[in-house]
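Student: If you're matching them up, the sequences are chains A and B in order.
Mapping to our numbering: the first sequence position 42 is 42, numbers consecutive.
For our numbering, count along the second sequence from 1 and bump the result up by 1000.
2 protein chains.
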Amino acid sequence: MRAEIITIGDELLIGQVVDTNSAWMAEQLNVYGIELYQITSVHDSREHILMALNEAFSRADIVLTTGGLGPTKDDITKQVLCEYFGTHLIEDTRVRAHINQLYKERPDVLNRLTATQWLVPESAEILENRVGSAPLMVFHHGKQLLAAMPGVPYEMKIAMEEQILPYIGHTTASILHKTLQVTGIPESSLAILLEEYEQSMPASLHLAYLPKDGIIRLRLSAYGDLSEAEVQQWFERLKMLVSGYMIAETDEPLEVIVGRLLKERHQTISTAESCTGGKLASLLNKHAGSSEFYYGSIISYDNSVKEHLLGVPEEVIQTHGVVSEEVVRVMAESVRKRLNTDFSIATSGIAGPSGGSETKPVGTVWIAWATPNGTCAECFHLGKLREQITDRACTKALVKMIELLKK
Amino acid sequence: MRAEIITIGDELLIGQVVDTNSAWMAEQLNVYGIELYQITSVHDSREHILMALNEAFSRADIVLTTGGLGPTKDDITKQVLCEYFGTHLIEDTRVRAHINQLYKERPDVLNRLTATQWLVPESAEILENRVGSAPLMVFHHGKQLLAAMPGVPYEMKIAMEEQILPYIGHTTASILHKTLQVTGIPESSLAILLEEYEQSMPASLHLAYLPKDGIIRLRLSAYGDLSEAEVQQWFERLKMLVSGYMIAETDEPLEVIVGRLLKERHQTISTAESCTGGKLASLLNKHAGSSEFYYGSIISYDNSVKEHLLGVPEEVIQTHGVVSEEVVRVMAESVRKRLNTDFSIATSGIAGPSGGSETKPVGTVWIAWATPNGTCAECFHLGKLREQITDRACTKALVKMIELLKK
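(1) Hey, would you say Ile216/A sits closer than 8 angstroms to Tyr209/A, going by beta carbons?
(2) Flag Asn1129/B as yes if its beta-carbon sits less than 8 angstroms from any beta-carbon of chain A, otherwise no.
(3) Terminal residues of the continuous beta strand (DSSP E) containing Gln38/A?
(4) Exposed or buried, what is Lys407/A when buried is set at 16 or more other beta-carbons lying within 10 Å of its beta-carbon?
(5) Out of Arg46/A, Leu145/A and Trp366/A, point me to the one whose CA is closest to Ser58/A's CA.
(6) Just to make sure I have the definition right: I need the residues of chain A whose C-beta is within less than 9 angstroms of the C-beta of Pro1107/B. Which are they?
(7) For Gly1277/B, return the contacting residues in chain A, with the cut-off set at a CB-CB distance below 7 angstroms.
(8) Which value, in whole angstroms, describes the spacing of the CA atoms of Asn1373/B and Ser344/A?
(9) Using 8 angstroms as the Cβ pair cut-off and three pairs as the minimum, do the segment 257 to 269 of chain A and the segment 227 to 238 of chain A touch?
(10) Taking the alpha-carbon of Val1095/B as reference, which of Gln1079/B, Arg1106/B, Tyr1084/B and Thr1114/B has the nearest alpha-carbon?
(11) Could you tell me which residues DSSP pairs with Gly1374/B in its beta bridges?
(12) Alpha carbon to alpha carbon, how far is Gly311/A from Met331/A? Give it in angstroms, no decimals.
(13) Do the segment 1010 to 1019 of chain B and the segment 305 to 322 of chain A meet, that is, are 3 or more Cβ pairs less than 8 angstroms apart?
(14) Sort out for me which residues DSSP pairs Met1401/B with in a bridge.
(15) For Thr1271/B and Ser357/A, what's the separation of their Cα atoms in angstroms?
(16) Determine which residues of the segment 378 to 403 of chain A have a Cβ less than 9 angstroms from any Cβ of chain B, and write them out in chain order.
(17) For Pro1353/B, go through chain A and note every residue whose CB falls closer than 7 angstroms to its CB, in chain order.
(18) For Arg1112/B, return the contacting residues in chain A, with the cut-off set at a CB-CB distance below 7 angstroms.
(19) Relative to chain A, which residues along the segment 1027 to 1041 of chain B have a C-beta separation below 9 angstroms, given in chain order?
(20) Which two residues bound the contiguous alpha helix (DSSP H) that contains Ala1208/B?
(21) In angstroms, rounded to a whole number, what distance separates the CA positions of Ile62/A and Met1/A?
(22) On the DSSP bridge list, what partners appear for Thr364/A?
(23) Going by alpha carbons, who is nearest to Pro1186/B out of Asn1129/B, Lys1286/B and Asp1213/B?
(24) So if I threshold CB-CB distances at 9 angstroms, which residues from the segment 1289 to 1309 of chain B count as touching chain A?
(25) Ends of the beta strand (DSSP E) at Lys1178/B?
(26) Is there at least one Cβ from chain B nearer than 8 angstroms to Glu471/A's Cβ?
(27) Could you pull out every unbroken alpha helix (DSSP H) segment of at least 4 residues lying fully inside the segment 1097 to 1174 of chain B, listed in chain order?
(28) For a cutoff of 8 angstroms on Cβ pairs, would you count Ala1023/B as touching chain A?
(29) Going by DSSP, what residue range makes up the beta strand (DSSP E) through Ala1281/B?
(30) Show which residues of chain B have a CB atom less than 9 angstroms away from the CB atom of His177/A.
(31) Jot down the residue ranges of each uninterrupted beta strand (DSSP E) in the segment 294 to 347 of chain A, minimum 3 residues, whole runs only, in chain order.
(32) Mind checking Arg130/A: buried by the 16 CB within 10 Å criterion, or exposed?
(33) Can you say whether His1320/B is buried or exposed, counting buried as having 16 or more other CB atoms within 10 angstroms of its CB?
(34) Using the three-state DSSP reduction, which class does Ser221/A fall into: helix, strand or coil?
(35) If the cut-off is 7 angstroms on Cβ atoms, which residues from the segment 68 to 81 of chain A count as contacting chain B, listed in chain order?
(36) Chain B partners of Asn340/A, CB-CB under 7 angstroms?
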């Protein structure tokens, strides 16, 4: 079973909005055993949407569209779908009741334009959008089908999870992906290490290399005729080959692995951040259940905060500079003690664009890890771009933390 | 001049990677006056790439591809481009020298597979990729052109900024976008307010509504025959019509507006975060120059941190609960005092999925703002999903901060 996604909206094509919907939908489709063939982003334009529909239906069994279902004039998806499927809009009393219920405490929303939301294409099946006013529509096109959803990410997610995916149903065809993560080896060297392995793989297996921020994710994908046990055997062989570099046997984000290891040990963590400025904290508490192991952080962007809240002596900053082993060690030990956690991580670096020097250029980052068995620190050079530097610093901090926790 | 983007990589179609490149490229193309017509994401598959090239060249003057240029077996873009343009790979001594230079301190990278990176299509013009080993390639196809770039975001960005965009050059056609941001009015009511305005607009003007996290961005786009002064007049009329709800006259992110207002006043800010867990801090220091106004934060995820570092008395937490006006007020005032800043923002809420109760369901968030003229606090109900709740809390915190700074 093959699907395509069409995302509709001018905002995507002038770069005002990043399309995060497609990746999430792709992941869900995969779990259901549905291959996503193509993602196409098009304008809020009749001709463009019609062309994309024609192309997608020439290749796929299922077409999913997002966007263009709002009550305003720029949103035209519903009208264009009516034209494509040769139908017209009629009032749906169930949708009308739902919208009245949805906005019963906000009578200001119940106006003439909102009323256009309960007009639906006559030939479409209407599924409930429990969190918004745009109805979810399913059209049948011979054996093919199209489902249209709003583009607002959380509305789309609830629609997919509660309505569209159960409607489509699991397929019997299996697509299996198994991913592990390695670090400390260049991509090309890794490929040479795995050359024989790749050459011996059957045609229905595929190995992909996904490098990011110093981590390479290796994804083994099986399309079709191999059993799960056979795929697992190939994955075990892969794990053995890269064991010296492997940081995780799954595709879990690093902060999830750190959280899991801490929870298993009933241990806790805090951070003291300068250059990463709270990014590491947000990662550690991003996922549900983080209050079990994450206590808090001191973000000491200004030196006065390093001195007063983290007790970094002014003379240490004067002598060694604020980006130095001495400073991050005090930061880490101090936050661990003050927040009373088992572990802590501290960062101090030059994220740029200004602030660099010959001996400490932009991209220089010191990280320290304080543990029940002492403190260690490392210096990294993480590139030239602000966002890249802070992202990579978080990755380095988490990779080492995993190593320390696994010891 | 019309462009299309083809992003190449299985990782996009199984949802392992979010395509952030396209939005960034779209924005840059727009600045250069180039209309982006479509974004297409395809597999690392010969047939699929060839089909996408054919379709894109049937519509666009410029085709930009990202991805599939690594040294490993799964990356095939270069080979497929050779086939499409009827050329073959030859060694490029300049690229070879560049790669040798790039990795001179990492001889482990200079292996047999890296050597395939200095093989380039004979008919392509090769531009320098100063930060990576994959050469940038430009192919001419009659009057059309194709530029191929790596998919690694920061390599792509440097390639676009330093090589591809200057190569393409500015066009004379103008696409003008002007955006403002409003809050406190439903999308449909806004559309009714602007109905006459929209009906009176010339055909070459287009108004789009982009709602997100309680903010609606209104984007006025002019394609073609209007002068900049005329577009500005339309924009001024729009501003007047929505003046009661307008939070910004630009598309700047809210945290940039807060930073600008603080810098203008030589004032500073800190945060004390519970449910937002550092997200607000990372926003405030995300952009270059933030050290001028942002001092630091105390992330008090655990109650012990609220008590010890922010001096929230245990009995206040016991009496009112940790998500309460009393607690956020103490948090805000305490962090403002301890970090010695002019302003501060504090958040405490139930991000879920657990922790909700009948009186304080998941999504309840208290926010306080401490200022030189006193402290205020507000309670919000921000939905049901963890990420949505913390994102919206940051938006609410920043919107109010802008209002307070503008007073």
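A virtual CB, placed ideally from N, CA and C, is assigned to each residue, including glycine.
Tutor: This is what the structure holds:
(1) Along the first sequence, read from residue 1 onward, the residue named residue 216/A stands at position 216. Along the first sequence, read from residue 1 onward, the residue named residue 209/A stands at position 209. Result yes, Cβ atoms of Ile216/A and Tyr209/A sit closer than 8 angstroms.
(2) Locating residue 1129/B in the second sequence gives position 129, where the first residue counts as 1. For Asn1129/B, the answer is no, since every Cβ of chain A falls outside 8 angstroms of its Cβ.
(3) For the purposes of this step, residue 38/A is taken as residue 38 along the first sequence, with counting starting at 1. Where Gln38/A is concerned, the enclosing beta strand (DSSP E) stretches over Glu35 to Val42.
(4) For this step, residue 407/A is matched to residue 407 along the first sequence. Burial call: exposed.
(5) Numbered from its first residue, the first sequence carries residue 58/A at position 58. Residue Leu145/A is the option with its Cα nearest to Ser58/A.
(6) As a working note, residue 1107/B is residue 107 in the second sequence. Residues of chain A passing the Cβ test: none, with the nearest at roughly 10 angstroms.
(7) Here residue 1277/B refers to the residue found at position 277 of the second sequence. Neighbours of Gly1277/B on chain A, chain order: Ala281, Ser282 and Asn285.
(8) As a first step, residue 1373/B must be located in the second sequence, where it is residue number 373. As a first step, residue 344/A must be located in the first sequence, where it is residue number 344. Roughly 36 angstroms between the two C-alpha positions.
(9) no
(10) Within the second sequence, the letter at position 95 stands for residue 1095/B. It is Thr1114/B.
(11) Looking up residue 1374/B in the second sequence gives position 374. Bridge partners of Gly1374/B according to DSSP: Thr1371/B.
(12) Position 331 of the first sequence, counted from the first residue, corresponds to residue 331/A. Position 311 of the first sequence, counted from the first residue, corresponds to residue 311/A. Approximately 8 angstroms between the Cα atoms of the pair.
(13) no
(14) As a position in the second sequence, residue 1401/B is number 401, starting the count at 1. Met1401/B is not bridged to any residue.
(15) By 1-based counting over the second sequence, the position of residue 1271/B is 271. By 1-based counting over the first sequence, the position of residue 357/A is 357. The alpha-carbon atoms of Thr1271/B and Ser357/A are separated by roughly 30 angstroms.
(16) Gly383, Lys384, Leu385, Arg386, Glu387, Gln388 and Thr390
(17) Here residue 1353/B corresponds to residue number 353 of the second sequence, with the count starting at 1. Within chain A, the residues near Pro1353/B are Ala288.
(18) Sequence index remark: in the second sequence, residue 1112/B carries index 112 (1-based). Going along chain A in sequence order, the residues near Arg1112/B (Cβ under 7 angstroms) are Ile192.
(19) Glu1027, Gln1028, Leu1029, Asn1030, Glu1035, Leu1036, Tyr1037, Gln1038, Ile1039, Thr1040 and Ser1041
(20) Taking the second sequence and counting its residues from 1, one reaches residue 1208/B at position 208. Counting along the chain, Ala1208/B sits inside no alpha helix (DSSP H); it lies in the beta strand (DSSP E) bounded by residues Leu1205 to Lys1212.
(21) Your numbering for residue 62/A matches position 62 in the first sequence. Your numbering for residue 1/A matches position 1 in the first sequence. Taking the straight line from one Cα to the other gives about 8 angstroms.
(22) Numbered from 1 along the first sequence, position 364 holds the residue referred to as residue 364/A. In DSSP, Thr364/A forms a bridge with His381/A.
(23) Here the question's residue 1186/B lines up with position 186 in the second sequence. Cα-wise, what sits closest to Pro1186/B is Asp1213/B.
(24) Gly1289, Ser1290, Ser1291, Tyr1294, Tyr1295, Gly1296, Ser1297, Ile1298, Ile1299, Ser1300, Tyr1301, Asp1302, Ser1304, Val1305, Lys1306, His1308 and Leu1309
(25) For the purposes of this step, residue 1178/B is taken as the residue at position 178 of the second sequence. It spans Ile1175 to Thr1183 - the beta strand (DSSP E) in which Lys1178/B sits, taken as one unbroken run.
(26) Because chain A in this structure spans residues 1 to 407, residue 471/A falls outside the shown range and cannot be described.
(27) 1153 to 1159 and 1165 to 1168
(28) As a first step, residue 1023/B must be located in the second sequence, where it is residue number 23. Yes, Ala1023/B counts as interfacial toward chain A.
(29) Indexing the second sequence from 1 puts residue 1281/B at position 281. Where Ala1281/B is concerned, there is no enclosing beta strand (DSSP E), although the alpha helix (DSSP H) it sits in stretches over Lys1279 to Leu1284.
(30) For this step, residue 177/A is matched to residue 177 along the first sequence. Neighbours of His177/A on chain B, chain order: Ile1014 and Gln1016.
(31) You should have 294 to 300.
(32) Numbered from its first residue, the first sequence carries residue 130/A at position 130. Label assigned to Arg130/A: exposed.
(33) On the second sequence, residue 1320/B is found 320 positions in, with the first residue counted as 1. Exposed, by the Cβ-count rule.
(34) Here residue 221/A refers to the residue found at position 221 of the first sequence. Three-state DSSP puts Ser221/A in a strand.
(35) Gly70, Pro71, Thr72, Lys73 and Asp74
(36) Stepping through the first sequence from its first residue, residue 340/A is reached at position 340. Here the neighbours are Ser1304.
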